[in-house]
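Residue numbers (the UniProt record's numbering): 1 to 483.
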């Protein structure tokens, strides 16, 4: 054996010997000693949550992958919702698992990896909720002009609640019902959801009045501080609220998802209080302005109707003038009537004098017909007697119907002659309103110029006679009679 071989054997005998457990323990001690508290940034993959409550996942980047675990008592305190594909910063310690010869990160805190990751997650949630129609304008509820009770959901500490109270008291004092909640950190989103649902479940006429408007508010902060108002449960509770809701989260430049679901967004809590109640001074001024406009409108309407009335009055005729004209027309008609009546009487007298001559002729004709009728009746009686005698002698030759027809024929002929006589009778003329004027000798008087005052006359009417006397003679040849 050479010298080199002997030296090599001696050096091999000096290498320490370890058991597997010793190596695992040593590695674990080294890892936990050098990486006792670290932050690891990476994308979550292979996320699994077991019934025991433990959460297992992996963090990866372009250069490697690290197994991680969150124990049950730490998982219950997480402030973010873990999902595959999101980039996070996990805080914890490196430990090894000797049975599998593996190492892993024991996580006790996890956060989103910067604002970029948070914004990406928020934008993704916003698009999904918008696609569901949760932010539609048709779902926005109208606000009452003057609410009786205002519900405020915010932290009981800080200047937010003070600003809302002072603003409402300054503008228009209203009752304020506060539901204190945590506005950031662990359990904040659950408290906000319970507050919104709690206000909505209050009875309108209950001991605790139901608010007419809700204000969800908090002061400014970082994106991580405002994450409770980007929570999906909070956004859905705000969208489903039956009470009109105003979101006032952060400063004017801050935007959270509750702003899209609320009925109105206020840039600050003070602005939210101004939206909730109107200004008492502005309302009074507005009312005075409306009263002034109403008075002016009424005055204009009255003036317009007065102008129309004046125009109508100018178009109306002059009533006194009309009465005077009608009175003159009446006097004229009365005067003309006074002249027309005597003229009409005179005209009728002339017509009557003409008729009297005809009447004298008719009277003579009637007398002649009467004598002829009497003669005919006598002859008819003789003929009838002769006829009856012949009838008695020849009775079997005639039937009763022939006798009746003959009697009917003779009766019709007699009625025809009687009607003709009645038509020619002077009484038919007198029945139409004419009067027969005769003197005491029974002679017809046809002209007035032959009459003198004191002359006695006989007026024959249709139903009788009257004796009259002429009183005086007038210039227009109209006589006055005394019946």
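We treat Cβ as the ideally placed atom computed from N, Cα and C, and that holds for glycine. In this text, all values refer to a predicted model and were calculated from it rather than measured experimentally.
Residue 152 and residue 215 have their C-alpha atoms some 5 Å from each other.
Taking 7 Å as the cut-off, the Cβ atoms of residue 219 and residue 160 count as close.
Taking 7 Å as the cut-off, the beta carbon of residue 147 is found no closer than this to the beta carbon of residue 86. Taking C-beta atoms as the reference points, residue 262 and residue 238 count as a pair closer than 7 Å. Separation of residue 64 and residue 257 (C-alpha to C-alpha, rounded to the nearest whole angstrom) is 35 Å. Of all alpha-carbon atoms in 365, 316, 124 and 298, the one lying nearest the alpha-carbon of residue 231 is that of 124. The beta carbon of residue 71 lies closer than 7 Å to those of 54 in the same chain, with the five residues before and after it left out. Per DSSP, residue 244 is not a residue of any alpha helix (DSSP H), being assigned neither H nor E.
Each of 304, 348 and 281 was checked against the Cα of residue 170, and the nearest Cα belongs to 281.
Residue 65 is bridged by DSSP to 60. Partner residues in a beta bridge of residue 445, as assigned by DSSP, do not exist. DSSP places residue 97 in no alpha helix (DSSP H) but in the uninterrupted beta strand (DSSP E) bounded by 87-97. Approximately 5 Å separates the beta-carbon atoms of residue 434 and residue 352; this is inside 8 Å, confirming the contact. Counting other Cβ atoms within 10 Å of its Cβ, residue 375 stays below 16 and is therefore classed as exposed. If you look at residue 45, you'll find it in the beta strand (DSSP E) that goes 38-49. When only Cα atoms are considered, residue 269 and residue 131 end up about 29 Å apart.
Distance from residue 172 to residue 279 at the Cβ level is roughly 7 Å; contact confirmed, criterion being Cβ atoms closer than 8 Å. Boundaries of the beta strand (DSSP E) harbouring residue 437: 436-439, taken from the DSSP string.
Of the candidates 240, 438, 120 and 27, the residue whose Cα lies closest to the Cα of residue 138 is 240. Within its own chain, the residues whose Cβ lies closer than 7 Å to the Cβ of residue 58, once the five positions on either side in sequence are excluded, are 45, 46, 65, 66, 67 and 68, listed in chain order. From the listed residues 421, 289 and 76, the smallest Cα separation to residue 364 is found for 421. Distances from the alpha-carbon of residue 277 to those of 452, 310, 176 and 330 put 176 closest.
In this structure, the alpha-carbon of residue 325 lies about 55 Å from that of residue 289. If only uninterrupted beta strand (DSSP E) runs of at least 3 residues are considered, those enclosed by the stretch 128-164 are 149-154. Secondary structure of residue 465 (DSSP, three-state): strand. Pairing residue 165 with residue 150 gives a Cβ-Cβ distance that is not under 7 Å.
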